[in-house]
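K.L.:
Chains as they are written, first to last, in full-length UniProt numbering: chain S, 1 to 353; chain P, 1 to 280. Ideal Cβ placement from N, Cα and C applies to all residues, glycine included.
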Amino acid sequence: MNNASFVSHAELADLLRRLSEQAEVWVPTRQAMTPHRPMFRPFQAGMDLDFQPMPVTSAKGVLFPQGEELLKFRKEKSLSEATVTTLLWEDPAVFRPTIVFGCRPCDARGFLVFDRAFLQGSFVDPFYKARRDKNLVVSMVCPEPDAACFCGAVGSHPADTEGSDVQMIPVKEGYVLHGLTEKGQEFLKNVENTPSQAQQEEARQVWTSAQGSVDSGASLTDDAQHFFKRFADTAFWRFHTERCLSCGVCTYLCPTCYCFTLTDETNGVHGERLRSWDACMFHHFTQEASGHNPRPTKAERFRNRVGHKFSYFPEKHGRFACCGCGRCLRHCPVGMDIRAIVRALGESEEVHD
Amino acid sequence: MTRTQLKEHPYRPHLAVIKEIIQETPTIRTFRLTWKDPAVSAHFSFQPGQVGQLSAFGVGESTFVINSPPTRREYLQFSVMRTGEVTRALHQLNVGDTVGVRAPLGNSFPYTSMKGRDILFIGGGIGMAPLRTLLLTMIDNRADFGDITVIYGARSPEDLCYRYEFDAWRAARVNLVLTVDREFPGWTERVGFVPTILAEEAPNPYNRVAITCGPPIMIKFVLAGLRELGYEDDQIYTTLERRMKCGIGLCGRCNIGGTYVCVDGPVFSGTALRAMPPEL
């Protein structure tokens, strides 16, 4: 492979420091609250970087922040009519360029789901677009997928390049970087060293062995096609969602979940309209003002989650809204396994209450 | 990039001023609005059935149908039932206050295909709002339509919206059948639930389109009643309600299968309803 650069372990922090002068660089780092697995955070000198275990959080917040301001306004009392209030828009915020550094291939593919929803749907989301235009994704080949990983079942693998601008391959002495897009090749100008022949060879081996290192079972595509046949099978959904606590952790950690809510906050005459993550696993999510709720129990809500990821979204956008990162089952307090539910869709056995 | 450079910010409402407030029922108020920006005023257009997000700044947004017809451009009208935080805040506003409007959103009634046909409207309570838009558009083009029958019911006489317009509707040769759930002193029109009155009136389905909106339970029985009378799926239209936030098919709460009520609806034909998963 041409157009490769090399960064040693010793040089990495300096590279990130230099990059963070141009952009906000998000890296997997160990935090006191998550000592066993890293989380994505903006780089700061002295951080405890860790590219090894799958991070608890994905980097989705870089392009789709957990909370962001969509509008800012100020209310003003009319001087001539005491009961009347008018409204003025206030100064806008500024978007900084961002680099996601060292995410997994699954997370990089997660952004492609967002691209379909936010850029290629009925409307373009200008906030997402502005961030996406100024964003670069450096993903790292995943040498040791863990038990919850199932990227292989959703059409990917641990060395997948789709959605990445640069691919990092871990070798003994550091990382070999490949520019995959124009943006990615431009980025490599920041990394002057060229890998040696031996490092290139080692990278090739790491890449090849990583490619087949995840055992996710067969593709979920065929199973997913049975979704509508099971739609009205309430007993099936009740049986498979019995344990669910509706805590929503699966959606918050998911690199492809993008449901949100809009709320207003005010402080005196100043106010803002905020967008924040929300989740279809919550009871109030679809509850109407009249009290009617089209998804009244967790069975209907989980059905919607499965349907959205494996049926509705693929039908509209041609790909699963799931990247197989496995966070939803790795961190589920009761061990819900969305793969198992999708696989069960096509099983002939009837489930009874 | 700064926020002001964002082109076509779909979350940013246009500002409008409340010109008139009509107390329709004890819990429903109609707001008549005009745009603040003359450029918006000049370019704004919509089709009957489309909705808008109305903002009470500092509290939030809710979705309502634009219930004035596109044929009348002096104001934009929304009828708001007080049920939650946003609607309560809207009810507290005064004439002259500023609200935000993101509109038009969603699809509309297939008005053109209804020309030359007889029309049946079946409304319940606040569900008359989306029907009013289409009804007034038809009244303003009365020669394009045959018989227009409106069956409109509410719990009590004081729960009927747009009472002050009933005479004008009748003057435009609209066969208006009014009903309330039970007897009330002084009430001289029909008594009984809307689906019952529909069965009694039994408007002939020949070359007719039926459009219904009301509480979900009413819609369910009206659809059954229409099919009983011989109406085919493609002769029936209804609007669906869902909780909405973004209004642009993204936030994920108004979907029924792969259909998003905020962009693919709120208007659906009987045929479209049958093709959707049973999650109403």
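How about S:D165 and S:L136: are their beta carbons less than 8 Å apart?
P.N.:
As a working mapping, residue 165 of chain S is identified with position 165 in the first sequence. As a working mapping, residue 136 of chain S is identified with position 136 in the first sequence. Yes, Cβ-Cβ distance for S:D165 and S:L136 is below 8 Å.
K.L.:
S:W207 lies in the alpha helix (DSSP H); which residues open and close that run?
P.N.:
One-based indexing of the first sequence puts residue 207 of chain S at position 207. It spans 197-211 - the alpha helix (DSSP H) in which S:W207 sits, taken as one unbroken run.
K.L.:
For the segment 29-85 of chain P, list the beta strand (DSSP E) runs that are entirely contained and at least 3 residues long, ordered along the chain.
P.N.:
Counting only runs of 3 or more, we get 51-56, 60-65, 76-81.
K.L.:
Pick out whichever of S:T261, S:P296, S:S311, S:N193 has its Cα sitting closest to the Cα of S:T221.
P.N.:
What you label residue 221 of chain S is simply residue 221 of the first sequence in a count that begins at 1. The shortest C-alpha separation from S:T221 is found at S:S311.
K.L.:
Using the three-state DSSP reduction, which class does S:V84 fall into: helix, strand or coil?
P.N.:
Taking the first sequence and counting its residues from 1, the one referred to as residue 84 of chain S is at position 84. In the structure shown, S:V84 sits in coil (DSSP, three-state: anything other than H, G, I, E or B).
K.L.:
When the cut-off is 8 Å and only beta carbons count, does S:E144 lie next to chain P?
P.N.:
Looking up residue 144 of chain S in the first sequence gives position 144. No, S:E144 lies away from the interface with chain P (no Cβ there is under 8 Å from its Cβ).
K.L.:
Run through the segment 163-206 of chain P for me and flag every whole beta strand (DSSP E) of 3 or more residues, listed as ranges in chain order.
P.N.:
174-180
K.L.:
What is the DSSP secondary structure of S:M140, reduced to helix, strand or coil?
P.N.:
The count along the first sequence starts at 1 and reaches residue 140 of chain S at position 140. Looking at S:M140 - three-state DSSP - the assignment turns out to be strand.
K.L.:
At a Cβ cut of 8 Å, what residues of the segment 94-125 of chain S count as close to chain P, listed as they run along the chain?
P.N.:
V94, F95, A117, F118, G121, S122, F123, V124, D125
K.L.:
Taking all protein chains shown into account, do 16 or more other C-beta atoms lie within 10 angstroms of the C-beta of P:Y164, making it buried, or fewer, making it exposed?
P.N.:
For this step, residue 164 of chain P is matched to residue 164 along the second sequence. By the neighbour-count rule (16 or more Cβ atoms within 10 Å), P:Y164 is not buried but exposed.
K.L.:
For P:Y206 and P:G214, I'd like the C-alpha separation in whole angstroms.
P.N.:
Sequence index remark: in the second sequence, residue 206 of chain P carries index 206 (1-based). Sequence index remark: in the second sequence, residue 214 of chain P carries index 214 (1-based). P:Y206 and P:G214: Cα-Cα distance of roughly 24 Å.
K.L.:
For the beta strand (DSSP E) that contains P:C161, what are its first and last residues?
P.N.:
One-based indexing of the second sequence puts residue 161 of chain P at position 161. Premise fails: P:C161 is in no beta strand (DSSP E) and is neither H nor E.
K.L.:
Pop quiz: P:S198 and P:V222 are said to be a contact at Cβ under 8 Å. What is the actual Cβ separation, rounded to whole angstroms?
P.N.:
Residue numbering aside, residue 198 of chain P sits at position 198 when the second sequence is read from its first letter. Residue numbering aside, residue 222 of chain P sits at position 222 when the second sequence is read from its first letter. According to the sequence shown, residue 198 of chain P is Leu rather than Ser. Correct: roughly 6 Å between the Cβ atoms.
K.L.:
Excluding the 5 residues preceding and the 5 following S:H226 in the sequence, name in chain order all residues of the same chain whose CB lies nearer than 6 Å to its CB.
P.N.:
The sequence position of residue 226 of chain S within the first sequence is 226, counting from 1. Same-chain partners within the cutoff: L345, G346.
K.L.:
Beta-carbon separation of P:I219 and P:T238 under 8 Å?
P.N.:
Within the second sequence, residue 219 of chain P is the residue found at index 219, counting from 1. Within the second sequence, residue 238 of chain P is the residue found at index 238, counting from 1. Closer than 8 Å, so yes.
K.L.:
Identify the contact partners of P:N94 in chain S, using a Cβ-Cβ distance below 8 Å as the criterion.
P.N.:
As a first step, residue 94 of chain P is located in the second sequence; it is residue number 94 there, counting from the start. Per Cβ cutoff of 8 Å: T83, V84.
K.L.:
Residue range of the alpha helix (DSSP H) that P:A272 falls in?
P.N.:
Translated into the one-based positions of the second sequence, residue 272 of chain P becomes position 272. P:A272 -> alpha helix (DSSP H) spans 270-275.
K.L.:
Using beta carbons (cut-off 8 Å, strictly below), is P:E72 in contact with chain S?
P.N.:
Numbered from 1 along the second sequence, position 72 holds the residue referred to as residue 72 of chain P. Reading off the sequence, residue 72 of chain P comes out as Arg, not Glu. False, the Cβ-Cβ gap to chain S never drops below 8 Å.
K.L.:
Is the CB of S:K60 under 8 Å away from at least one CB in chain P?
P.N.:
On the first sequence, residue 60 of chain S is found 60 positions in, with the first residue counted as 1. No - not a single Cβ of chain P is within 8 Å of the one on S:K60.
K.L.:
Please tell me whether S:S8 and S:E173 are closer than 8 Å, where the distance is taken between their beta carbons.
P.N.:
Within the first sequence, numbered from 1, the residue matching residue 8 of chain S stands at position 8. Within the first sequence, numbered from 1, the residue matching residue 173 of chain S stands at position 173. Yes, Cβ-Cβ distance for S:S8 and S:E173 is below 8 Å.
K.L.:
Tell me, please, which residues DSSP counts as bridged to S:C103.
P.N.:
Within the first sequence, numbered from 1, the residue matching residue 103 of chain S stands at position 103. Partner(s): S:S139.
K.L.:
Expressed to the nearest angstrom, what Euclidean distance is found between the alpha-carbon atoms of S:C259 and S:W277?
P.N.:
For the purposes of this step, residue 259 of chain S is taken as the residue at position 259 of the first sequence. For the purposes of this step, residue 277 of chain S is taken as the residue at position 277 of the first sequence. Cα to Cα, the separation comes out at about 6 Å.
K.L.:
Looking only at its chain, what residues have a beta carbon closer than 8 Å to the beta carbon of P:A224, apart from the 5 residues adjacent to it on each side?
P.N.:
Within the second sequence, the letter at position 224 stands for residue 224 of chain P. Answer for P:A224: P195, listed in chain order.
K.L.:
Mind checking the segment 38-62 of chain P against chain S and listing, in chain order, the residues whose C-beta falls within less than 7 Å of any C-beta there?
P.N.:
F57, G58, V59, G60, E61
K.L.:
Residues of the segment 9-24 of chain P in Cβ contact with chain S at a cutoff of 7 Å, in chain order, please.
P.N.:
H9, P10, Y11, R12, L15
K.L.:
Comparing alpha-carbon positions, which option in P:R155, P:G116, P:D167 lies nearest P:D144?
P.N.:
Walking along the second sequence from the start, residue 144 of chain P turns up at place 144. If we check each option's Cα against that of P:D144, P:G116 comes out closest.
K.L.:
Leaving out five residues before and five after P:D97 in sequence, what residues of the same chain have Cβ atoms less than 8 Å from its Cβ?
P.N.:
Here residue 97 of chain P is taken as the residue at index 97 of the second sequence, counted from 1. So the list reads V17, I18, once near-sequence residues are dropped.
K.L.:
Could you say which of S:A82, S:R339, S:G324 lies nearest to S:C254 if we only look at CA atoms?
P.N.:
Counting from 1 along the first sequence, the entry for residue 254 of chain S is found at position 254. The residue with the shortest Cα to Cα distance from S:C254 is S:G324.
K.L.:
In chain S, which residues lie with their C-beta within 9 Å of the C-beta of P:P26?
P.N.:
Residue mapping note: residue 26 of chain P aligns to position 26 of the second sequence, counting from 1. What P:P26 touches in chain S: nothing, since even the nearest Cβ is about 16 Å away.
K.L.:
What's the gap between the Cα of S:A159 and the Cα of S:T29?
P.N.:
Here residue 159 of chain S corresponds to residue number 159 of the first sequence, with the count starting at 1. Here residue 29 of chain S corresponds to residue number 29 of the first sequence, with the count starting at 1. Looking at the two C-alpha atoms, the distance is approximately 21 Å.
K.L.:
When DSSP labels each residue in this structure, what does P:R142 get in the three-state scheme?
P.N.:
Reading the second sequence from its first residue, position 142 is the one you call residue 142 of chain P. Of the three classes helix, strand and coil, the one that applies to P:R142 here is helix, per DSSP.
K.L.:
Does S:Q167 come out as helix, strand or coil in the three-state DSSP assignment?
P.N.:
As a first step, residue 167 of chain S must be located in the first sequence, where it is residue number 167. It is a strand residue.
K.L.:
Just checking my contact of S:S246 with S:H283 at CB under 8 Å: how many whole Å lie between their CB atoms?
P.N.:
For the purposes of this step, residue 246 of chain S is taken as residue 246 along the first sequence, with counting starting at 1. For the purposes of this step, residue 283 of chain S is taken as residue 283 along the first sequence, with counting starting at 1. Yes, they are in contact, since the Cβ atoms of S:S246 and S:H283 sit about 7 Å apart, within 8 Å.
K.L.:
Specify whether the segment 78-96 of chain P and the segment 167-185 of chain P touch according to this definition: at least 3 beta carbon pairs, one from each stretch, less than 8 Å apart.
P.N.:
With the rule of 3 Cβ pairs closer than 8 Å, the segment 78-96 of chain P does not count as touching the segment 167-185 of chain P.
K.L.:
How far does the beta strand (DSSP E) with S:H270 in it reach, from first residue to last?
P.N.:
Position 270 of the first sequence, counted from the first residue, corresponds to residue 270 of chain S. That run of the beta strand (DSSP E) goes 270-277.
K.L.:
Identify whether S:F40 lies in helix, strand or coil by the three-state DSSP scheme.
P.N.:
Position 40 of the first sequence, counting from 1, holds the residue named residue 40 of chain S. In the structure shown, S:F40 adopts extended strand secondary structure according to DSSP, grouped into three states.
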